[in-house]
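Q:
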Amino acid sequence: MSDRILYDYWRSTAAYRVRIVLHLKGLEHDHKSVDLVKGAQSGVGFKMLNPHGRVPYLIDGEVGLNQSLAICEYLDEVYPEPTILPGDAATRARIRGAAQIIACDVHPLNNLSVLNYLKGELGQDEDAVRDWYHHWIDTGFRALEEQAEAAAGPYLFGDRVTLADICLAPQMYNARRFRMNLEPYPGLVEIDKKLLEHDAFRAARPEAQEDAN
Ligand SMILES: N[C@@H](CCC(=O)N[C@@H](CS)C(=O)NCC(=O)O)C(=O)O
1 MSDRILYDYW RSTAAYRVRI VLHLKGLEHD HKSVDLVKGA QSGVGFKMLN
51 PHGRVPYLID GEVGLNQSLA ICEYLDEVYP EPTILPGDAA TRARIRGAAQ
101 IIACDVHPLN NLSVLNYLKG ELGQDEDAVR DWYHHWIDTG FRALEEQAEA
151 AAGPYLFGDR VTLADICLAP QMYNARRFRM NLEPYPGLVE IDKKLLEHDA
201 FRAARPEAQE DAN
């Protein structure tokens with residue numbers, strides 16, 4: 001049993017980011033599945049740990065942390081090799097900016113509780129919810145496509161995997177899951193293909209998780 005435990009769910013986009021970083025840095029860890037479909041995130045047990053009631057939540061020895069970007073940056077500071085924030089201050093800020101397009105501007109509008117609110121309280125049908133989902137991904141992907149086309153490759157910021165790629169791959173998974181047409185973003189598709197050849201990304205993908213169903 002490891003003293004590093006990731007509370008996650010196989011289909012959680014935010015937890016997927018943390019899984020990639022753990023594998024990239026070769027950090028041993030155990031998983032505890034929080035079944036979001038059954039509402040386990042709102043259960044007393046999990047909420048005692050994380051009052052925000054969301055995954056991921058990471059325990060690293062004495063340290064307990066929520067929020068995927070905060071966890072990824074914590075892991076990068078404490079276990080710096082290989083870094084996910086390479087380069088000078090300006091480059092690191094650009095990498096964070098690209099990551100935040102997904103993590104702050106796209107994902108919060110498309111997470112489970114938002115979709116349930118649209119369907120439930122606001123009475124929207126499946127087509128309207130899918131259009132909403134695609135719309136917010138499109139706004140983010142259009143901006144990132146420019147970065148992808150300017151990149152020397154194979155990844156968003158050159159030849160090293162960064163926090164931006166770590167946010168991109170899970171969002172591409174979601175876009176495919178919700179049957180989005182990815183033709184308008186050929187640069188992102190190309191980068192995602194390369195990322196999925198990377199061992200850390202393969203190990204972290206949803207279907208490779210024990211709680212996948
Ligand atoms: N900003 C948070 C978002 C966390 C989040 O929304 N997690 C989702 C799964 S991807 C969740 O736990 N949703 C449960 C719910 O909406 O009830 C992060 O990056 O960690």
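full-length UniProt numbering numbers the first residue of the sequence shown as 1 and each following residue consecutively.
We treat Cβ as the ideally placed atom computed from N, Cα and C, and that holds for glycine.
All figures in this text were calculated on a predicted structure; none of them were measured in a lab.
(1) Does the distance between the C-beta of Q209 and the nearest non-hydrogen atom of ligand 1 fall short of 6 Å?
(2) Which residue from I71, S12, I102 puts its Cα closest to that of D211?
(3) For residue 242, which of P186, S2, L49, P86 has the nearest alpha-carbon?
(4) Report yes if the C-beta of T91 is less than 6 Å from at least one heavy atom of ligand 1; otherwise report no.
(5) Kindly provide the ranges of any alpha helix (DSSP H) runs that are 4 or more residues long and lie completely inside the segment 141–199, ordered along the chain.
(6) Could you pull out every residue in the same chain whose Cβ sits closer than 8 Å to the Cβ of P206, ignoring the five residues on either side in sequence?
(7) Is any non-hydrogen atom of ligand 1 found closer than 6 Å to the C-beta of N111, if you look at the structure I gave you?
(8) Measuring only from the beta carbon, is E144 closer than 6 Å to any heavy atom that is part of ligand 1?
(9) Return the first residue and the last residue of the beta strand (DSSP E) that I5 is part of.
(10) Kindly indicate the opening and closing residues of the alpha helix (DSSP H) around N116.
(11) Return yes when at least one heavy atom of ligand 1 lies under 6 Å from the C-beta of L36, else no.
(12) Counting pairs of beta carbons, one from the segment 118–136 and one from the segment 52–66, are three or more of them closer than 8 Å?
(13) Can you tell me where the beta strand (DSSP E) with residue 215 in it begins and where it stops?
(14) Taking the alpha carbon of D60 as the point to measure from, which residue in V114, Q124, R4, M48 has its own alpha carbon closest?
A: Reading it off the structure:
(1) no
(2) Closest option to D211, Cα to Cα, is S12.
(3) Any property of residue 242 remains undetermined from this structure, which presents the chain solely from 1 to 213.
(4) No, Cβ of T91 sits at least 6 Å from all heavy atoms of ligand 1.
(5) 163–177, 186–195
(6) W10, R11, Y16, Y173, A212
(7) Under cutoff, so the answer is yes.
(8) Reading the sequence as shown, one finds Leu at residue 144 and not Glu. Incorrect: L144 has no Cβ contact closer than 6 Å to ligand 1.
(9) 4–8
(10) 112–119
(11) Remark: the shortest separation between the CB of L36 and any heavy atom of ligand 1 falls under 6 Å.
(12) no
(13) Nothing about residue 215 can be reported from this structure: the residues present for the chain run from 1 to 213 only.
(14) R4
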